[in-house]
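Chains as they are written, first to last, in the numbering used here: chain A, 8 to 21; chain B, 442 to 698.
Every residue gets a Cβ at the ideal spot worked out from N, C-alpha and C, and that includes glycine.
These figures come from a predicted structure and were not determined experimentally.
So the structure is just underneath, and the comments pick up after that.
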Amino acid sequence: AGNQTSLKNFFKPK
Amino acid sequence: MFEARLVNSATFKKILDAIKDLLDQASFDCSESGIQLQAMDNSHVSLVSLNLKSDGFDKYRCDRSLTMGMNLASLSKVFRCSGSDDTVTIKAQDDADTVTFMFESKKQEKISDYEMKLMNLDQEHLGIPETEFSCIIKMPSAEFARIVRDLSQFGESIVISCTKEGVKFSTQGDIGTGNVKLAQTNNFDKEEESVIIDMQEPVSLTFACQYLNLFTKATPLSNQVTLSMCDNVPLVVEYQIPDLGHLCYYLAPKIEE
């Protein structure tokens, strides 16, 4: 159920 | 020169067990303030963030900040050689390409050391924005592990819904559905057994069982786990490591197809 999102959508490289 | 001594090497072993199935390799960033590790799994769905403060160690010295890239399967092999009551001392020279682990038994009648090659890892540190979470749930870590394990039998995802009455874990799969509801407890005497919910707004998010199960490998580290949730933001699963620091996992949510 549902599509897995990527963490990179939420956290950006420093 | 870097040197860190931990009387209870079993704690480090537990930390390793809690991250080695998520990460193949990781960099340990050592500085005066302690040891930190931040790494995403290969699929970029979850992130591990470990923070061990220097004063939690029995001895700690770090003259110059250093980053030690390690293969975690190799590190596990090293720690498999330690006894449960052993003390561990981790040592590295500045700019070294190896790290040494020395294990000492309680009565010091057995001392072993293992030198391991370090790796140069391309590490990318991610900025984790400050979040005002809608719901923060504190619950027994063993209960969380049990619920995740039970529900994983039925489906690939778990929906975690939190209201001020309690928290509900739900799953559905080919054979049917499963729901576990936990009410907030009033048993304030035994904090370790309590379910405490701090809710600003109700929230419901869907997460992959596979990752939640891997996070629960940290259960031996702490009696309690904290789940922090906010709409459209990764879940934070936090285990406090008594007197030493914390281990946090971040998990990107699943969204409607």
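Could you say which of the options lies nearest to residue i if we only look at CA atoms?
i      : options                        : result
B:Q466 : B:C671, B:M442, B:L478         : B:L478
B:L653 : B:T508, B:R521, B:K558, B:T612 : B:T612
B:V608 : B:E633, B:L662, B:D591, B:M580 : B:M580
B:S669 : B:Y691, B:K658, B:P661, B:T660 : B:Y691
B:F544 : B:S525, B:A537, B:Y680         : B:S525
B:M509 : B:E642, B:T657, B:C471, B:L491 : B:C471
B:H687 : B:H566, B:T667, B:L463         : B:T667
A:P20  : B:D563, B:D672, B:I531, B:P643 : B:D563
B:V677 : B:I601, B:R446, B:M442         : B:I601
Pull the bridge partners of residue i from the DSSP assignment, please.
i      : result
B:N620 : B:S611
B:E545 : B:T528, B:I552
A:P20  : B:L567
B:E679 : B:T667, B:C689
B:V600 : B:S611, B:T647
B:Q477 : B:D470, B:N492
Quick one: Cα of residue i to Cα of residue j, how far?
i      : j      : result
B:V589 : B:I577 : 18 Å
B:S722 : B:S523 : Residue 722 of chain B lies beyond the stretch modelled for chain B, which goes from 442 to 698, so this question has no answer here.
B:T626 : B:D639 : 12 Å
B:F741 : B:E444 : It is not possible to answer for residue 741 of chain B, since the shown part of chain B is limited to 442 through 698.
B:L646 : B:M511 : 34 Å
B:E697 : B:D615 : 19 Å
B:K518 : B:R502 : 25 Å
B:K547 : B:I531 : 17 Å
B:K461 : B:E642 : 35 Å
B:A537 : B:R587 : 43 Å
B:D458 : B:E606 : 34 Å
Are the beta-carbon atoms belonging to residue i and residue j less than 8 Å from one another?
i      : j      : result
B:P694 : A:T12  : yes
B:F595 : B:G617 : yes
B:V636 : B:A649 : no
B:L507 : B:D527 : no
B:F453 : B:F520 : yes
B:S663 : B:S582 : yes
B:L685 : B:K455 : no
B:T572 : B:V674 : yes
B:T657 : B:F585 : yes
B:A451 : B:L464 : no
B:E679 : B:C689 : yes
B:M557 : B:D504 : no
Hey, would you say the C-beta of residue i is under 7 Å away from at least one heavy atom of the ligand PLP?
i      : result
B:F610 : As for the ligand PLP, it is missing from this structure, which has no ligand bound.
Inset, instruction - Within the region 633-673 of chain B, note down every full alpha helix (DSSP H) run reaching 4 residues or more, in order along the chain. - result: Those alpha helix (DSSP H) runs which fall completely within the region 633-673 of chain B and span 4+ residues are 650-656.
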